[in-house]
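Worksheet: the structure to be examined is printed underneath.
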Amino acid sequence: MTGSAMIRDLNDTLVFVRVVRLGSFTAAAQALQIPKTTVSRRVRELEQAIGVQLLRRTTRQLSLTEAGAVYYEQCKDIAATLEHAELAVHQLRDGPRGWLRVTVPYSFGVSWFAPLVAGFRQAYPEIKLEILASHVPLDLVGEEIDVALRLGALPDSSLVARRLASYATGIYAAPEYIERHAQPVTPDELIQHSTLVLNQARRDVGYVWPLRKAGAKLRNYRVEPTIIANDPALLKEALLAGEGLSLGMDQSMRIDVEAGRLQRVLPEWIGPPQDLNAVTAREHLPSPKVTAFIGYLKGRMSGSGDASGINSGSLL
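Residue numbers for the sequence shown follow the numbering used here, so the first one is 9 and each next one is one higher.
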């Protein structure tokens, strides 16, 4: 078979897939912007080339023969791959545009990400956003998510992570709690205090907070939770009401500390830094809309990295 014949056959196959997908020669012709007679001829030439009937044609409808069903199943993914490749090229040519599907942790999304949405849309008006707020990491490939914003340690995977910012963490409490229970002097005393903990802090030995002094290594210290939550927003009001100690990001606690509603406990001890990462599936050709989105966020994070209103000990 010559090279020109292979190209002709591939084009005929793509026309056939479009006919099956849309259900008629007319719909396929409209989608491909070619005459209906051309669509019919290409399918007929394909059948002649491979020597079997692929479609049953009646005055009312089309249906696949057994051979046609097998051929379609084998070819539909090839057609989809070519369409995606063409879309990627058009995106490079036309610039950032289209729908961008993003997932963010709920509290972080409400307190930090939501205020940036309007500015991003103004900068890139041809990008439309679909935002999924979830404290559970979603399957980027299975859920067709373009970018996931995640805080905290990331599991090893084939995904690509780009760090946008890093937040220092420490232990905080309301003055009312300190008045009733006094402050722990060392991290070993944390086990004697009420603590407000995210369920990500659970280990085989129980719940722990990793802490260290400047220049030293992190060490896990046992804590005894009185409230456990899977989202930090559920802990914030209890923390402000004096229900216990909480490990959180310094930036997220800053406004309440300045207002006197919270104070730092064990100030010489710091928790693990919380990295904010933009996570994407590995792509051979990065999408312009994803590149624009990550670049915009990184630009906004180049300053103070303010994430006011977020309380997080190990938010993923």
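For every residue, glycine included, the Cβ atom is placed at its ideal position computed from N, Cα and C.
Checklist entry - Given I139, which residues of its chain have a CB within under 6 Å of its CB, disregarding the five upstream and five downstream residues? => result If you number the sequence shown from 1, residue 139 lands on position 131. For I139, where only same-chain residues beyond five positions count, the Cβ hits under 6 Å are V110.
Checklist entry - Using the C-alpha atoms, what's the distance from P43 back to L22? => result Against the sequence shown, residue 22 aligns to sequence position 14. Against the sequence shown, residue 43 aligns to sequence position 35. If you take the alpha carbons of L22 and P43, they lie about 15 Å apart.
Checklist entry - Near M9, which residues of its chain fall below 7 Å by C-beta distance, leaving aside the five closest residues on each side in sequence? => result The sequence position of residue 9 within the sequence shown is 1, counting from 1. For M9, the pLDDT reaches just 46, beneath the cut-off of 50, and the residue's location in the model is therefore unreliable, although a value from the coordinates is still provided. There are no such residues.
Checklist entry - Would DSSP call S320 helix, strand or coil? => result Along the sequence shown, one-based indexing puts residue 320 at 312. Per-residue confidence for S320 stands at a pLDDT of 36, beneath the threshold of 50, marking its modelled position as unreliable; the derived number appears in the next sentence. Coil.
Next on the checklist: Applying the 10 Å Cβ sphere with the 16-neighbour rule, what's the burial state of P153?
Outcome noted: Here residue 153 corresponds to residue number 145 of the sequence shown, with the count starting at 1. Note that residue 153 is Ile in the sequence shown, not Pro. Its Cβ being crowded by 16 or more others within 10 Å, I153 is buried.
Checklist entry - Assuming A75 contacts V60 under a Cβ cut-off of 8 Å, what Cβ separation, rounded to an integer in Å, is found between them? => result The residue given as residue 75 occupies position 67 in the sequence shown. The residue given as residue 60 occupies position 52 in the sequence shown. Confirmed, about 4 Å.
Checklist entry - Using a beta-carbon distance below 7 Å, is G127 in contact with chain C? => result You won't find chain C in this structure, because it holds only one protein chain.
Next on the checklist: Considering only the alpha carbon of each residue, which of A176, L70 and T67 lies closest to K221?
Outcome noted: Here residue 221 refers to the residue found at position 213 of the sequence shown. Out of A176, L70 and T67, A176 has the C-alpha closest to the C-alpha of K221.
Checklist entry - Rounded to the nearest angstrom, how far is the Cβ of K297 from that of R105, given a contact under 8 Å? => result Counting from one through the sequence shown, the residue named residue 297 turns up at place 289. Counting from one through the sequence shown, the residue named residue 105 turns up at place 97. Correct: roughly 7 Å between the Cβ atoms.
Item to check | Inter-residue Cα distance where the pair is A131 and R26 | outcome: Taking the first residue of the sequence shown as position 1, residue 131 is located at position 123. Taking the first residue of the sequence shown as position 1, residue 26 is located at position 18. Straight-line Cα distance between these residues: approximately 36 Å.
Checklist entry - Which class does V60 belong to by DSSP, given the choice of helix, strand or coil? => result Within the sequence shown, residue 60 is the residue found at index 52, counting from 1. Here V60 sits in coil by DSSP.
Checklist entry - For K306, which residues of its own chain have a beta-carbon under 6 Å away from its beta-carbon, when the five flanking residues on both sides are left out? => result The count along the sequence shown starts at 1 and reaches residue 306 at position 298. For K306, where only same-chain residues beyond five positions count, the Cβ hits under 6 Å are L172.
Checklist entry - Do you know how far the Cα of D20 is from the Cα of C83? => result For the purposes of this step, residue 83 is taken as residue 75 along the sequence shown, with counting starting at 1. For the purposes of this step, residue 20 is taken as residue 12 along the sequence shown, with counting starting at 1. Spanning the two alpha carbons is a distance of roughly 11 Å.
Item to check | Proximity winner among L248, W277 and P275, relative to I263 (alpha-carbon distances) | outcome: By one-based count along the sequence shown, residue 263 stands at place 255. Looking at the Cα atoms, L248 is the closest of the given residues.
Item to check | Inter-residue Cα distance where the pair is V78 and L62 | outcome: Taking the first residue of the sequence shown as position 1, residue 78 is located at position 70. Taking the first residue of the sequence shown as position 1, residue 62 is located at position 54. Answer to the nearest angstrom: the Cα atoms are 9 Å apart.
Item to check | For A126 and A169, the rounded distance between their alpha carbons | outcome: Along the sequence shown, read from residue 1 onward, the residue named residue 169 stands at position 161. Along the sequence shown, read from residue 1 onward, the residue named residue 126 stands at position 118. Cα to Cα, the separation comes out at about 24 Å.
Item to check | Cut-off 8 Å between Cβ atoms - residues of its own chain near I199, not counting five sequence neighbours on either side | outcome: The sequence position of residue 199 within the sequence shown is 191, counting from 1. Taken in chain order, the residues that qualify are Y229, R230, V231 and E232.
Checklist entry - According to DSSP, is G313 helix, strand or coil? => result The sequence position of residue 313 within the sequence shown is 305, counting from 1. Confidence at G313 is low in this model, with a pLDDT of 42, below 50, so the placement of that residue is unreliable and no value is reported for it.
Item to check | Alpha-carbon spacing of L30 relative to R50, whole angstroms | outcome: Reading the sequence shown from its first residue, position 22 is the one you call residue 30. Reading the sequence shown from its first residue, position 42 is the one you call residue 50. Approximately 16 Å between the Cα atoms of the pair.
Next on the checklist: Can you give me the C-alpha to C-alpha distance between S254 and L146, rounded to a whole angstrom?
Outcome noted: The residue you call residue 254 lines up with position 246 of the sequence shown. The residue you call residue 146 lines up with position 138 of the sequence shown. Going by the C-alpha atoms only, they are around 26 Å apart.
Item to check | Rounded C-alpha distance that separates H201 from G178 | outcome: The sequence position of residue 201 within the sequence shown is 193, counting from 1. The sequence position of residue 178 within the sequence shown is 170, counting from 1. Their backbone Cα atoms lie some 16 Å apart in a straight line.
Next on the checklist: Considering just the uninterrupted stretch of the alpha helix (DSSP H) at L146, what are its terminal residues?
Outcome noted: The count along the sequence shown starts at 1 and reaches residue 146 at position 138. No alpha helix (DSSP H) contains L146, which DSSP labels as neither H nor E.
Item to check | Whole-Å CB distance - S142 paired with P240, under 8 Å assumed | outcome: Translated into the one-based positions of the sequence shown, residue 142 becomes position 134. Translated into the one-based positions of the sequence shown, residue 240 becomes position 232. With a Cβ gap of about 14 Å, S142 and P240 do not count as contacting.
Item to check | Where T10 sits in the DSSP three-state scheme | outcome: For the purposes of this step, residue 10 is taken as residue 2 along the sequence shown, with counting starting at 1. Unreliable placement is indicated for T10, whose pLDDT of 45 sits below 50; the coordinate value is still reported in the next sentence. In this structure, T10 counts as coil in the three-state DSSP scheme.
Item to check | DSSP-derived helix/strand/coil call for L198 | outcome: What you label residue 198 is simply residue 190 of the sequence shown in a count that begins at 1. L198 falls in the helix class under three-state DSSP.
Item to check | As assigned by DSSP and simplified to three states, the class of A237 | outcome: As a working mapping, residue 237 is identified with position 229 in the sequence shown. When secondary structure is reduced to three states using DSSP, A237 falls in the strand class.
Item to check | Burial state of L206, where buried means 16 or more other Cβ atoms lie within 10 Å | outcome: Along the sequence shown, read from residue 1 onward, the residue named residue 206 stands at position 198. It is buried - the Cβ of L206 has at least 16 other Cβ atoms within 10 Å.
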